[in-house]
Amino acid sequence: MSEEFTEQELHNLAMNVVGKDLEKQGFEFMSVNSQLKKDPQFVCLKNKKLHFIVVKAVLYPENPQKYNVTYMETMREHALKFKARTYYAGVGIANAINYEAPIEKGEKYIINYNGIIEI
Numbered sequence: 771m772s773e774e775f776t777e778q779e780l781h782n783l784a785m786n787v788v789g790k791d792l793e794k795q796g797f798e799f800m801s802v803n804s805q806l807k808k809d810p811q812f813v814c815l816k817n818k819k820l821h822f823i824v825v826k827a828v829l830y831p832e833n834p835q836k837y838n839v840t841y842m843e844t845m846r847e848h849a850l851k852f853k854a855r856t857y858y859a860g861v862g863i864a865n866a867i868n869y870e871a872p873i874e875k876g877e878k879y880i881i882n883y884n885g886i887i888e889i
């Protein structure tokens with residue numbers, strides 16, 4: 771019997787996906803926070819500009835591109851105090867064999883990530 775990923779483990783998985791993407795794009799990490807419900811997860815510098823990135827692990831059938839507009843606007847207001855740009859990074863995660871099944875350790879899963887979205 772396999773063990774399901776916890777919410778924190780799924781969040782960490784999403785953080786790794788986004789972190790690698792940000793690295794490839796040349797973002798420099800100022801701070802990283804992988805604690806659940808503590809936003810933003812990444813505070814980065816790129817071209818001498820500050821960027822706040824909120825990461826969310828999203829389970830199938832939810833759409834990883836869809837975010838809570840009200841919450842992200844609040845986040846953007848906060849970022850503006852620091853003259854920072856705000857981004858949302860939704861990472862969809864599903865069981866590779868059966869999308870409806872839970873994501874379990876030791877089993878294959880699929881990632882649906884299309885990059886960061888500026889707010």
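Each residue of the sequence shown is one higher than the one before, counting from 771 in this note's numbering. Ideal Cβ placement from N, Cα and C applies to all residues, glycine included.
Per DSSP, which residues does residue 873 bridge with? Please list them. By 1-based counting over the sequence shown, the position of residue 873 is 103. For residue 873, which the question treats as bridged, DSSP gives no partner whatsoever.
In terms of DSSP beta bridges, what is residue 816 paired with? Residue numbering aside, residue 816 sits at position 46 when the sequence shown is read from its first letter. Paired residues: 819.
Per DSSP, which residues does residue 772 bridge with? Please list them. On the sequence shown, position 2 is the one that residue 772 refers to. Its beta-bridge partners do not exist; DSSP assigns none.
Just reading off the beta strand (DSSP E) that residue 882 is part of, what are its end residues? Taking the sequence shown and counting its residues from 1, the one referred to as residue 882 is at position 112. Its beta strand (DSSP E) spans residues 879 to 882.
Rounding to the nearest angstrom, what Cα-Cα distance links residue 865 and residue 874 in this structure? If you number the sequence shown from 1, residue 865 lands on position 95. If you number the sequence shown from 1, residue 874 lands on position 104. So the two alpha carbons sit approximately 8 angstroms from each other.
For residue 792, count neighbouring C-beta atoms within 10 Å of its own C-beta (all shown protein chains included) and say buried if the count is 16 or more, exposed if not. Numbered from its first residue, the sequence shown carries residue 792 at position 22. With 16 or more Cβ atoms within 10 Å of its Cβ, residue 792 is classed as buried.
Span separating the alpha-carbon of residue 780 from that of residue 856: Translated into positions along the sequence shown, residue 780 becomes position 10. Translated into positions along the sequence shown, residue 856 becomes position 86. Distance between the alpha carbons of residue 780 and residue 856: 22 angstroms.
Residue 823 to residue 878 span [Cα, whole Å]: In the sequence shown, the residue the question calls residue 823 occupies position 53. In the sequence shown, the residue the question calls residue 878 occupies position 108. Residue 823 and residue 878: Cα-Cα distance of roughly 27 angstroms.
Less than 9 angstroms separating the beta-carbons of residue 788 and residue 883? The residue labelled residue 788 in the question sits at position 18 within the sequence shown. The residue labelled residue 883 in the question sits at position 113 within the sequence shown. Yes, Cβ-Cβ distance for residue 788 and residue 883 is below 9 angstroms.
Cutoff 6 angstroms; reference residue 778; Cβ partners in own chain excluding five residues on either side: Your numbering for residue 778 matches position 8 in the sequence shown. Excluding residues within five positions, the ones whose Cβ falls inside 6 angstroms are 806.
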